[in-house]
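Below is one structure, written out as structure tokens; the observations come after it.
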Amino acid sequence: MRNENDLNPFLDSSSERQSLNENESQPWINYLVGAVVSPSVISVIILLLLLFIPITVLVVGINYHDPHYCPIEPHISTFLIVHGSVLFGWIIFTIIPTILAKKLSSNDDPYISGIIVIILSVMTIICTIFLIIWTIVGSIWTFNVFYWVTYYYDTKNNFYPYNYCQPELYRFTFVYIILSYIFVFLQICYYCFNNMFNWK
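For this note's numbering, add 1 to where a residue sits in the sequence shown, where the first one is 1.
Set out below in structure tokens:
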């Protein structure tokens, strides 16, 4: 009859294989999460600070949502409201996986956290695609009226001409869209250089 000492090599081998499988699956989860988030405290702080951007966009869009503020293109305020709301969700969906990703390496059972992170990462990707498409739509609405928009109206009779748009609303949207394109370009450059150095 085999004693416990005879079975130890088989037990050790089995535990080593289980540990190896867990270690093989862990980098796969981290790689998938790393495509969307950067699991660091600094990134969380930066994202929290960036929350003022969608909040500002929402405030401007809601404040000038009445069509008489921009009769030449009433959709501009709608663009700001939708874009600000989705951008706010994008930042939240990025912060939560970033926090959970830090626990994956120390968690005894990382699969539940990993599934949550993967779901939120997919939602982040969907929000990113929507924001890019919605920014293009907003660009069409905003830039198409650039040469015809006027910022003056009859204050005595409170008359708004058909090509009027509230200056703060239009100028804010114009600058915001340009900065959005710059941000997307810098983000693409960051991921390209980051992946390039990781492959070396």
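All residues carry an ideal CB built from backbone N, CA and C; glycine is no exception.
Own chain, CB closer than 6 Å to residue i, minus 5 neighbours either side, in chain order
i	result
Ser-1	The shown model of the chain, from 2 to 201, leaves out residue 1, and the question about it has no answer.
Asn-24	Here the model assigns Asn-24 a pLDDT of 43, short of 50, so the residue's position is not dependable and the matter cannot be decided.
Val-146	Ile-73 and Glu-74
Assumed close pair residue i, residue j - CB separation to whole angstroms, cut-off 8 Å
i	j	result
Thr-143	Thr-174	5 Å
Tyr-182	Cys-166	In fact, because the Cβ distance is near 21 Å, the residues do not count as touching under 8 Å.
Tyr-161	His-69	6 Å
CB of residue i within 8 Å of CB of residue j, strictly
i	j	result
Val-61	Leu-132	no
Ile-73	Tyr-191	no
Ile-97	Pro-55	no
Val-45	Thr-129	no
Nearest candidate by alpha-carbon position, reference residue i, set the options
i	options	result
Val-138	Ile-73, Leu-51, Tyr-161 and Val-83	Val-83
Asn-64	Leu-52, Ile-43 and Ile-77	Ile-77
Trp-135	Thr-79, Thr-57, Phe-186 and Ile-43	Thr-79
Cys-71	Val-150, Leu-52 and Leu-187	Val-150
Residues of its chain near residue i, where Cβ-Cβ distance is below 8 Å and the 5 sequence neighbours each way are ignored
i	result
Leu-59	Leu-81, Ile-82, Gly-85, Ser-86 and Phe-89
Same chain only: Cβ atoms within 7 Å of residue i, ignoring 5 sequence neighbours per side
i	result
Cys-117	Here the sequence assigns Ile to residue 117, which means Cys is not the residue at that position. Within the same chain, Ile-117 has close Cβ partners Leu-101.
Checklist entry - Where in the stretch 59-141 do unbroken runs of the alpha helix (DSSP H), each at least 4 residues long, occur, reported from the N-terminal end onward? => result 76-105
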